[in-house]
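Enquirer: A single structure is presented below for examination.
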Amino acid sequence: MKTQVLLTGISIIPKIFKREKNFEMMVVANPYDIREIAADNKEPMVVVAYLPFLEMRHFDLYTHFQKTYPNMQTIFVVNELSANMKLKLKHNEDFVVLWKTEENSLIDNIKKALNGKHVKLRQDKREPHEVRGLLSPSTLPVGNTKTFKPMLPGHFENISPHGSCLKISAKFYEPKDFVNLSYQNKEGDFITVQGQVRWSKWNSSEQVQELGLHFVSSE
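This is the structure in structure tokens:
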């Protein structure tokens, strides 16, 4: 049976859902209409609420929905968050919250939520970045470092002040490795940051290694 996914805050189904065969998609113009739909559905269901700004009234409304309908999981896709709301969500695992810039990972995060896995809110928005970077092992005196130090070109999936996801064309790094990343920012300045690999994954179809980096210093 397909999982019902209700979309609110948008008028059309996003392209990322077009090829997904496991979900039954429905756009709900008025979020209060979710009550009638949820009352007739006893199977697991997901509400994806697109919001330019997550306010307390939204938080309270969907908290009420989830308490009333235990089979419901809510995912917020937001453009902005206040500092107070970030703090509130940091200690609340009832909701999944994604930045709008992370929309391409929405399907994977829906599946994680349905499997009971916690999806942590990123501290900052991850922005797309077209310019390629150069990645090399760091000479930091602590942690894991590499003795062989090639400079590998990297394609950014996204970037924020505190981290990045990118792809390189060789299976080289492991979690906890320290790295140097050099790139040109959108203002045209050349930036060098030191970071640590938080996770790595080999993509056999694209023949690239996918890396999640946490930045620890910059020059």
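Its first residue numbered 49, the sequence shown is counted upward by one per residue in our numbering.
Glycine included, every Cβ here is placed at the ideal spot set by N, Cα and C.
1) For M104, which residues of its own chain have a beta-carbon under 8 Å away from its beta-carbon, when the five flanking residues on both sides are left out?
2) Going straight from the alpha carbon of T56 to that of F220, what length do you get?
3) In the structure shown, what three-state DSSP assignment does M199 receive?
4) Could you pull the start and end residues of the beta strand (DSSP E) that I158 belongs to?
5) Can you tell me where the beta strand (DSSP E) holding M120 begins and where it ends?
6) What residues are listed by DSSP as bridge partners for G260?
7) Provide the residue(s) that pair with Q242 in DSSP beta bridges, ordered along the chain.
8) Assign E150 to one of two classes, buried (16 or more other C-beta atoms within 10 Å of its C-beta) or exposed (fewer than that).
9) Can V76 and L99 be called in contact, C-beta distance under 8 Å?
10) How about L183 and I158: are their beta carbons less than 8 Å apart?
11) Can you find a CB in chain B that lies within less than 8 Å of the CB of K160?
12) Note down the Cα distance separating Q255 from L214, rounded to an integer number of angstroms.
13) From the DSSP output, in three-state form, read off L102 for me.
14) Can you grab the Cα-Cα spacing for the pair K63 / I123, in whole Å?
15) Under 8 Å between the Cβ atoms of N78 and Q52?
16) What does DSSP give as the partner residues of E72 in its beta bridges?
17) Does DSSP classify F220 as helix, strand or coil?
18) In the structure shown, what three-state DSSP assignment does A77 receive?
19) Starting from S184, trace the beta strand (DSSP E) in both directions and tell me its first and last residue.
20) With a threshold of 16 other CB atoms inside 10 Å of the CB of I60, please say whether the residue is buried or exposed.
Expert: Taking the coordinates as given:
1) M133
2) 42 Å
3) coil
4) Careful: I158 lies outside any beta strand (DSSP E), inside the alpha helix (DSSP H) at L154 to L162.
5) M120 to E128
6) C213 and W247
7) N228 and S265
8) buried
9) no
10) no
11) No chain B is part of this structure, which consists of one protein chain only.
12) 13 Å
13) coil
14) 18 Å
15) no
16) Q52
17) coil
18) coil
19) G181 to P185
20) exposed
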